[in-house]
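Quick note, the sequences are listed as chains A and B, same order.
If you read the first sequence in this note's numbering, its first letter stands for residue 20, the second for the next number, and so on.
If you read the second sequence in this note's numbering, its first letter stands for residue 300, the second for the next number, and so on.
Input: a single structure, listed below in structure tokens.
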Amino acid sequence: EVQLLESGGSLVQPGGSLRLSCEASGFTFSRYAMTWVRQAPGKGLEWVSGITDSGGSTYFADSVKGRFTISRDNSKNTLYLQMNSLRAEDTAVYYCAKGNGGWFDPWGQGTLVTVSS
Amino acid sequence: QSALTQPASVSGSPGQSITISCTGTSSDVGSYNSVSWYQHHPGKAPKLIIYDVSNRPSGVSNRFSGSKSGNTASLTISGLRAEDEADYYCSSYTSSSTYVFGTGTKVTVL
Numbered sequence: 020e021v022q023l024l025e026s027g028g029s030l031v032q033p034g035g036s037l038r039l040s041c042e043a044s045g046f047t048f049s050r051y052a053m054t055w056v057r058q059a060p061g062k063g064l065e066w067v068s069g070i071t072d073s074g075g076s077t078y079f080a081d082s083v084k085g086r087f088t089i090s091r092d093n094s095k096n097t098l099y100l101q102m103n104s105l106r107a108e109d110t111a112v113y114y115c116a117k118g119n120g121g122w123f124d125p126w127g128q129g130t131l132v133t134v135s136s
Numbered sequence: 300q301s302a303l304t305q306p307a308s309v310s311g312s313p314g315q316s317i318t319i320s321c322t323g324t325s326s327d328v329g330s331y332n333s334v335s336w337y338q339h340h341p342g343k344a345p346k347l348i349i350y351d352v353s354n355r356p357s358g359v360s361n362r363f364s365g366s367k368s369g370n371t372a373s374l375t376i377s378g379l380r381a382e383d384e385a386d387y388y389c390s391s392y393t394s395s396s397t398y399v400f401g402t403g404t405k406v407t408v409l
């Protein structure tokens with residue numbers, strides 16, 4: 020069974036940094052692109068970032084470009100999202116999902132990031 | 300990249316059919332068949348129900364179907380059931396090599 024488990028979410032002050040992790044199991048992680056999607060409180064889903072299977076190419080939404088970095092460690096079956104210069108509007112549940120080649124399946128349960136002083 | 304436009308809410312009685320629209324532009328929905336749909340029950344992980352415009356993943360009910368015409372994609376749920384009550388989101392690949400989600404539609408089963 021494919022499983023994705025996010026971690027690292029917490030309360031952080033504006034301007035701070037946070038690194039999210041997504042541990043994958045049940046599939047050959049190194050063969051699949053991966054994606055981060057977020058949902059702010061009371062809002063819809065927002066695609067944040069994607070990375071190819073090798074990690075050689077990365078993609079970002081304009082809203083996070085220059086502040087967020089996506090990476091992966093295929094030896095640890097883990098996806099990361101490094102978030103810097105955090106803003107209140109980055110407050111959201113962050114989901115990782117398998118795929119970035121047209122659709123996302125499955126998704127993890129999400130981890131909550133709260134940016135507040 | 301602006302979110303794709305979906306109706307905020309759609310409702311129907313059990314057994315009825317409903318359709319949710321997802322309107323984009325020639326830079327996303329209109330140019331790519333990488334349109335997917337997700338069912339999201341609050342507090343749970345979103346679930347893929349349609350990919351590549353009209354394909355259903357294994358295990359997804361055939362009551363869910365998708366289509367596309369021009370810049371607008373559509374999701375139809377037939378034989379509406381109580382468990383279909385959820386939020387639904389479309390998604391499309393874009394010309395910027397990114398993805399964009401729809402604004403989301405709350406489906407209510409009356």
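Quick reminder that beta carbons are idealized off the backbone N, C-alpha and C, glycines included.
Determine the direct distance from the alpha carbon of residue j to that of residue i, and round the result to whole angstroms.
i      : j      : result
B/P356 : A/Q22  : 17 Å
B/L347 : A/L98  : 20 Å
B/G342 : B/S395 : 31 Å
B/V359 : B/D351 : 14 Å
A/K62  : A/A111 : 9 Å
A/T47  : A/N96  : 8 Å
B/N354 : A/S136 : 45 Å
A/S94  : A/T71  : 15 Å
A/E42  : A/G118 : 14 Å
B/F363 : B/Q338 : 11 Å
A/E65  : A/G129 : 13 Å
A/R38  : B/S333 : 29 Å
A/F123 : A/L100 : 17 Å
A/L24  : A/T54  : 13 Å
A/E20  : B/T397 : 28 Å
A/S36  : B/A307 : 34 Å
B/S316 : B/D383 : 11 Å
A/S26  : A/V56  : 14 Å
Kindly say whether residue i, judged by its beta-carbon, lies nearer than 9 Å to any beta-carbon of chain B.
i      : result
A/F48  : no
A/T54  : yes
A/A116 : yes
A/A111 : no
A/E65  : yes
A/A80  : yes
A/P125 : yes
A/G129 : yes
Go through its chain and collect everything with a Cβ distance to residue i's Cβ below 8 Å, but skip five positions before and after it.
i      : result
A/V83  : V67, S68, M102 and D109
B/V399 : Q300, S301, A302, L303, G323, D327, S390, S391 and T393
B/S381 : In the sequence as presented, Ser is not what sits at residue 381 of chain B; that position holds Ala. Excluding sequence neighbours, B/A381 sits near P313 and V408.
Just grab the DSSP bridge partners of residue i for me.
i      : result
B/L374 : B/I319 and B/G365
A/D92  : A/T97
B/A385 : B/V406
So, at 7 Å on beta carbons, what are the nonlocal neighbours of residue i in its own chain, with the 5 sequence-adjacent residues on each side left out?
i      : result
A/G74  : S90 and R91
B/Q305 : I319, S320, C321, C389, G401, T402, G403 and T404
A/L131 : G28 and V112
B/I349 : S335, W336, R355, F363, G365 and L374
With a cut-off of 9 Å, does the C-beta of residue i fall near any C-beta of chain D?
i      : result
B/T324 : Among the protein chains in the structure shown, which are A and B, there is no chain D.
Label residue i either buried or exposed according to how many other C-beta atoms from any shown protein chain fall within 10 Å of its C-beta, with 16 as the threshold for buried.
i      : result
B/S325 : exposed
A/G34  : exposed
A/L105 : buried
A/Q58  : buried
A/D81  : exposed
A/P125 : buried
Does residue i get closer than 9 Å to chain A when you measure Cβ to Cβ?
i      : result
B/F363 : no
B/A302 : yes
B/T371 : no
B/P345 : yes
B/T407 : no
B/G329 : no
B/H340 : no
B/G314 : no
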